[in-house]
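Notes to accompany the following structure.
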Amino acid sequence: MPKPVVRDEARRRRRPTRQGTVLSEALIVDTALRLLREHGGGGLTARRLGLALGADPSTLYRYFAGMDDLTRAIGDELMGRALGSWAATGRWRDDLRALGLAVHAAYLAHPQAAVLTASRVTGRPREIAVDETILGILRGAGLPDEDAARIYHTFIDQSLAFAALDAGALALTEESRTADEGMWATTYARLPASSHPHIAATAPLLARRMPHSAYPGALEMLLDHTAARLRAARAAGR
318 MPKPVVRDEA
328 RRRRRPTRQG
338 TVLSEALIVD
348 TALRLLREHG
358 GGGLTARRLG
368 LALGADPSTL
378 YRYFAGMDDL
388 TRAIGDELMG
398 RALGSWAATG
408 RWRDDLRALG
418 LAVHAAYLAH
428 PQAAVLTASR
438 VTGRPREIAV
448 DETILGILRG
458 AGLPDEDAAR
468 IYHTFIDQSL
478 AFAALDAGAL
488 ALTEESRTAD
498 EGMWATTYAR
508 LPASSHPHIA
518 ATAPLLARRM
528 PHSAYPGALE
538 MLLDHTAARL
548 RAARAAGR
């Protein structure tokens, strides 16, 4: 016999925890973000989360099907924060740029969570709202659906891929990150032109650029491509 569905409000803990707080999905996600920041991805366990909340770890399963479900909720929270910091202007290029930068920034604000969730598809409301917004901008600008779907795919994957890449660097210790960034001004800058002419010619430029995210530049390239597809669609009368 299938188990009865428990309504959300019935799943909530009505009595305060040992710390005097009443549990909710939002509180659990916020606490999980803090634990990720303090302990990294390996430090997020049901036991540690229960201790931080002052609740038995089994209580978490009143709100989430498991730790993987919680991981998706964390990703959805980051998407929600990105969308909440963004405002539409009605200018498709400005709106896409601002939304892409908002997604990237929301994930980089929580590097350990970004590494854990950037590759996940949550299927949750705020992620869906972001996806609907992106597709609405593209279709509203006049792109045919095939172009809109393809550019949406590139846009969101590019945003999250750079978020994961840049968050990975931020999640390193300060010592490791400084050592990595210093390679451009030491090892690469010292390669002789006789054996590495192209690196030698561009070494000062690389030393200035490589410690910074390439995402804004990559985003502009995608926006240029989108503008070209729009011109083509208008010329074809679609």
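Heads up: the sequence shown begins at 318 in our numbering, then just goes up one per residue.
Each residue gets a CB set at the ideal place from its N, CA and C atoms; glycine is no exception.
### Query
When burial is assigned at 16 or more other CB atoms within 10 Å of the CB, is GLY392 buried or exposed?
On the sequence shown, residue 392 is found 75 positions in, with the first residue counted as 1. By the neighbour-count rule (16 or more Cβ atoms within 10 Å), GLY392 is buried.
### Query
What are the boundary residues of the alpha helix (DSSP H) that includes THR469?
Position 152 of the sequence shown, counted from the first residue, corresponds to residue 469. A small fix is needed here, since residue 469 is Tyr in this sequence, not Thr. Run containing TYR469: 462-487, per the alpha helix (DSSP H) assignment.
### Query
Would you call the region 399-418 and the region 446-460 in contact, with 3 or more CB pairs under 8 Å?
yes
### Query
GLU444: buried (16+ other C-beta within 10 angstroms of its C-beta) or exposed?
If you number the sequence shown from 1, residue 444 lands on position 127. GLU444 comes out buried.
#### Entry: VAL346 in three-state terms, based on DSSP
If you number the sequence shown from 1, residue 346 lands on position 29. In the structure shown, VAL346 sits in a helix (DSSP, three-state: H, G or I).
### Message
With the cut-off set at 8 Å, would you say LEU425 and LEU353 are in Cβ contact?
### Response
Looking up residue 425 in the sequence shown gives position 108. Looking up residue 353 in the sequence shown gives position 36. Going by C-beta atoms, LEU425 is not nearer than 8 Å to LEU353.
### Query
According to the Cβ coordinates, are GLY417 and LEU536 closer than 8 Å?
Start at 1 with the first residue of the sequence shown, and residue 417 comes out as number 100. Start at 1 with the first residue of the sequence shown, and residue 536 comes out as number 219. Yes, the pair counts as a contact, with Cβ atoms nearer than the cut-off.
### Message
Measuring only the C-alpha atoms, how far is ASP373 from THR388?
### Response
Working through the sequence shown from its first residue, we reach residue 373 at position 56. Working through the sequence shown from its first residue, we reach residue 388 at position 71. Between ASP373 and THR388, the C-alpha separation is close to 19 Å.
### Task
Flag this pair as yes or no: are the beta carbons of LEU523 and TYR505 separated by less than 8 Å?
As a position in the sequence shown, residue 523 is number 206, starting the count at 1. As a position in the sequence shown, residue 505 is number 188, starting the count at 1. Yes, these two residues count as a Cβ contact at 8 Å.
### Task
Go through its chain and collect everything with a Cβ distance to ASP386's Cβ below 8 Å, but skip five positions before and after it.
As a working note, residue 386 is residue 69 in the sequence shown. Correct list: empty, nothing qualifies.
### Query
Between which two residues does the alpha helix (DSSP H) carrying LEU340 extend?
Position 23 of the sequence shown, counting from 1, holds the residue named residue 340. Membership of LEU340 in any alpha helix (DSSP H) is not indicated, and neither H nor E is assigned to it by DSSP.
#### Entry: Cβ-based burial, ALA430 [other Cβ within 10 Å; buried from 16]
By 1-based counting over the sequence shown, the position of residue 430 is 113. Buried, because 16 or more other Cβ atoms sit within 10 Å of the Cβ of ALA430.
### Query
Rounded to whole angstroms, how far is the Cβ of ALA419 from the Cβ of TRP403, which I believe are closer than 8 Å?
Position 102 of the sequence shown, counting from 1, holds the residue named residue 419. Position 86 of the sequence shown, counting from 1, holds the residue named residue 403. Their Cβ separation, rounded to whole angstroms, is 5 Å, which keeps ALA419 and TRP403 in contact under 8 Å.
### Task
Reducing DSSP to helix, strand and coil, say where TRP409 ends up.
Numbered from 1 along the sequence shown, position 92 holds the residue referred to as residue 409. It is helical.
### Query
Is it the case that the Cβ atoms of THR362 and LEU400 are separated by a distance below 8 Å?
Mapped onto the sequence shown, residue 362 falls at position 45. Mapped onto the sequence shown, residue 400 falls at position 83. In this structure, LEU400 does not lie closer than 8 Å to THR362 by Cβ.
### Query
In the structure shown, what three-state DSSP assignment does ARG437 receive?
On the sequence shown, residue 437 is found 120 positions in, with the first residue counted as 1. DSSP places ARG437 in coil when its eight states are reduced to three.
### Task
Enumerate in chain order the residues of its own chain whose CB-to-CB distance from THR439 is below 6 Å, with the five nearest sequence positions on each side excluded.
Taking the first residue of the sequence shown as 1, we reach residue 439 at position 122. Same-chain partners within the cutoff: ARG389, GLY392, ASP393.
### Task
Could you say which of TYR380, ASP464, MET538, LEU370 lies nearest to SER476 if we only look at CA atoms?
Counting from one through the sequence shown, the residue named residue 476 turns up at place 159. Among TYR380, ASP464, MET538, LEU370, the Cα nearest to that of SER476 is on MET538.
### Same chain only: Cβ atoms within 7 Å of ALA549, ignoring 5 sequence neighbours per side
As a first step, residue 549 must be located in the sequence shown, where it is residue number 232. Nothing listed; no residue qualifies.
### Task
Identify whether ALA380 lies in helix, strand or coil by the three-state DSSP scheme.
Here residue 380 refers to the residue found at position 63 of the sequence shown. Here the sequence assigns Tyr to residue 380, which means Ala is not the residue at that position. Reduced to three states, the DSSP call for TYR380 is coil.
#### Entry: Burial state of PRO428, where buried means 16 or more other Cβ atoms lie within 10 Å
Position 111 of the sequence shown, counted from the first residue, corresponds to residue 428. Answer is buried; the Cβ neighbour count reaches 16.
### Query
Sorted by chain position, which residues of the same chain lie with C-beta nearer than 8 Å to GLY357's C-beta, five sequence neighbours on each side aside?
As a first step, residue 357 is located in the sequence shown; it is residue number 40 there, counting from the start. Same-chain partners within the cutoff: GLN429, ALA488.
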